[in-house]
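When we follow the numbering used here, the leftmost residue of the sequence shown carries the number 2, and every step to the right adds one.
Ideal Cβ positions, reconstructed from N, Cα and C, are used throughout, including at glycine.
Please read all numbers here as calculations on a predicted model, not as lab measurements.
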Amino acid sequence: MKAITVEPMNPGSARLEEIAEPDPHYGSVLVEAIAVGVCGTDVEITEGKYGWAPTGQPRLVLGHESLGRVIDPGPTSGLKKGDLVVGIVRRPDPIPCPNCAVGEWDMCRNGQYTERGIKQINGYMSERWRIEPEYAIKLDPTLGILGVLLEPTSVVTKAWEHVLAVGERAFWEPKTVLVTGAGPIGLLAALVGRQLGYDVHVLDRAQTGPKPEIVRDLGATYHSCAIAELGFNPDIVMECTGVGQVISEAIPALAASGVLCLAGVGHGGSTPKVPAADVASGAVLKNNVVLGSVNANKRHWYKAGETLARADRAWLARLITRREKPENFATALARKPDDIKVIIQFSEV
């Protein structure tokens, strides 16, 4: 079968090649790939910035944002042939740490977890893949190709759960949410915020293209100004850019007892011109909280499926701005100005 593979830490080594059929040790459920989402993590792995091949193998099959159709459900999965499924990305560490031991692998304490398509386990960018029944999430079939959005939705579902848990440390009635960044994570975070009934504002540098209208059609407000120019202090900030200057501007903008969640991962960049001590003292005096959130555990995947099932299908479809064939994977990895979510499509739904 064909798969998109890479030699981790070797820039420019990605290729579409013939590999062996998936080994049964990956799981008893055999799945035909429909589509795989492309994200910044995939790009950075192909650029040689990180990534780990399976032990004893030189190459890693890419892809962690999956969507597939069950070919063989195996003897114990409870799935049926033809079911649409998505594969969970992370696996608990083998020791395990206390969090992994209770299924909270997204909160792993020792970093020895593994991840499909990223760290020591082959991913989902292959014509067929196998998965353990307990890591296969069955989708509402009416989602169709939109099911490929489940993985990023699980990430924001976990982030929202933690924000609300932290906020409820005291009496709290949040009303206004600021989402920074209108990429897939930001727009899906905004979707959850609207489903929760909040007044959602999305800030992004794009002034043209599809993003402003997508935000407005969600019932949210779009901004392309500096945070200080917004004219309000949000109760919640979902920071989805990873940009240092945006983060440093967002912290002092928080309302009293507000919560800022860092859901975007940045790498370097210019040093923010905001004194750290002043930012910290402002957060102390207002009882603000800044927290980081990454990955998701199984309950977040289930809740993310419910979020997508409730969402307007036409709105979700607008998040998928480009579809590429596997042989055009290099084009899929090259970001274009109006891209939101690019997918590599292996077969029809």
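Item to check | Anticipated Cβ contact below 8 Å, Pro-134 with Glu-66, distance rounded | outcome: Cβ-Cβ separation between Pro-134 and Glu-66: approximately 20 Å, too far for a contact (criterion under 8 Å).
Item to check | Cβ distance (whole Å) where Arg-171 is taken to contact Val-216 below 8 Å | outcome: Residue identity check: residue 171 is Ala in the sequence provided, not Arg. In fact, because the Cβ distance is near 31 Å, the residues do not count as touching under 8 Å.
Next on the checklist: Can you tell me which residues form a DSSP beta bridge with Tyr-293?
Outcome noted: With the sequence shown as reference, residue 293 is identified as Gly, and Tyr is not the correct amino acid for it. According to DSSP, Gly-293 bridges with Leu-263.
Next on the checklist: Going residue by residue through the region 276-323, where are the continuous beta strand (DSSP E) segments of at least 3 residues, counting only ones entirely within it?
Outcome noted: 290-293
Item to check | Assigned exposure category for Gly-194 - 16 Cβ within 10 Å defines buried | outcome: That one is buried.
Checklist entry - Leaving out five residues before and five after Glu-22 in sequence, what residues of the same chain have Cβ atoms less than 8 Å from its Cβ? => result Beyond the five residues adjoining it in sequence on each side, Glu-22 comes within less than 8 Å, by CB distance, of Met-2 and Arg-129 in the same chain, given in chain order.
Checklist entry - In or out: Val-238 buried (at least 16 other Cβ within 10 Å) or exposed? => result The residue in question, Val-238, is buried, as its Cβ has 16 or more Cβ neighbours within 10 Å.
Checklist entry - Going by DSSP, what residues sit across from Leu-31 in a beta bridge? => result Asp-73 and Arg-131
Checklist entry - Contact between the region 101-114 and the region 70-85: three or more CB pairs below 8 Å? => result no
Next on the checklist: With three or more C-beta pairs closer than 8 Å as the rule, is the region 87-95 touching the region 109-123?
Outcome noted: Touching, per the Cβ criterion.
Checklist entry - Do Val-86 and Leu-17 come within 8 Å of each other at the CB atom, strictly closer than that value? => result no
Checklist entry - Taking the C-alpha atoms as reference points, what is the distance between Leu-317 and Leu-188? => result 10 Å
Next on the checklist: Cutting at 8 Å between CB atoms, please list the residues of its own chain near Pro-55, excluding the five before and the five after it.
Outcome noted: Within the same chain, and ignoring the five residues on either side of Pro-55 in sequence, the residues whose Cβ sits closer than 8 Å to its Cβ are Leu-61, Gln-121, Ile-122 and Asn-123.
Checklist entry - Can you tell me whether Val-285 is buried or exposed, with buried defined as 16 or more other CB within 10 angstroms of its CB? => result Flag for Val-285 reads exposed.
Item to check | Three-state class that DSSP yields for Gln-196 in the structure shown | outcome: helix
Checklist entry - Nearest-angstrom Cα distance between Cys-226 and Asn-234? => result Spanning the two alpha carbons is a distance of roughly 14 Å.
Item to check | Rounded straight-line distance, which links the Cα of Tyr-27 to that of Tyr-114 | outcome: Cα-Cα distance, rounded: 16 Å.
Item to check | Per-residue DSSP class, three states only, for Met-239 | outcome: Strand.
Checklist entry - Nearest CA to the CA of Asn-100: which residue from Tyr-199, Pro-25, Val-244 and Ala-297? => result Ala-297
Item to check | Euclidean distance between Cα positions of Val-30 and Thr-143 | outcome: 22 Å
Checklist entry - Going by DSSP, which residues form a beta bridge with Leu-188? => result None, per the DSSP bridge assignment.
Checklist entry - Would the region 320-340 and the region 165-181 be scored as touching if the rule is three or more Cβ pairs under 8 Å? => result no
Item to check | Bridge-paired residues (DSSP) for Tyr-125 | outcome: Per DSSP, none; premise fails for Tyr-125.
Item to check | Residues of its chain near Trp-161, where Cβ-Cβ distance is below 6 Å and the 5 sequence neighbours each way are ignored | outcome: Val-193
Next on the checklist: For Val-280, which residues in the same chain have their Cβ closer than 7 Å to its Cβ, ignoring the five residues on either side in sequence?
Outcome noted: For Val-280, where only same-chain residues beyond five positions count, the Cβ hits under 7 Å are Ser-249, Ile-252 and Pro-253.
Item to check | Sub-8 Å separation of Ile-341 and Pro-185 beta-carbons | outcome: A contact, by the Cβ cut-off of 8 Å.
Checklist entry - What are the boundary residues of the alpha helix (DSSP H) that Lys-159 is part of? => result 151-168
Checklist entry - Rounded to whole angstroms, how far is the Cβ of Ala-243 from the Cβ of Gly-267, which I believe are closer than 8 Å? => result For the sequence presented, residue 243 should be read as Gly rather than Ala. Between Gly-267 and Gly-243 the Cβ distance is about 3 Å, and since that is below 8 Å, they are a contact.
Item to check | Identified DSSP bridge partners for His-224 | outcome: Leu-204
Item to check | Counterpart residues of Thr-357 in DSSP-defined beta bridges | outcome: Any property of residue 357 remains undetermined from this structure, which presents the chain solely from 2 to 350.
Checklist entry - Where Gln-346 and Leu-63 are concerned, what is the direct C-alpha to C-alpha distance, given to the nearest angstrom? => result 14 Å
Item to check | Thr-351 (DSSP reduced to helix, strand or coil) | outcome: Because the chain in this structure spans residues 2 to 350, residue 351 falls outside the shown range and cannot be described.
Checklist entry - For Ala-229, which residues of its own chain have a beta-carbon under 8 Å away from its beta-carbon, when the five flanking residues on both sides are left out? => result Around Ala-229: Glu-250 and Ala-254.
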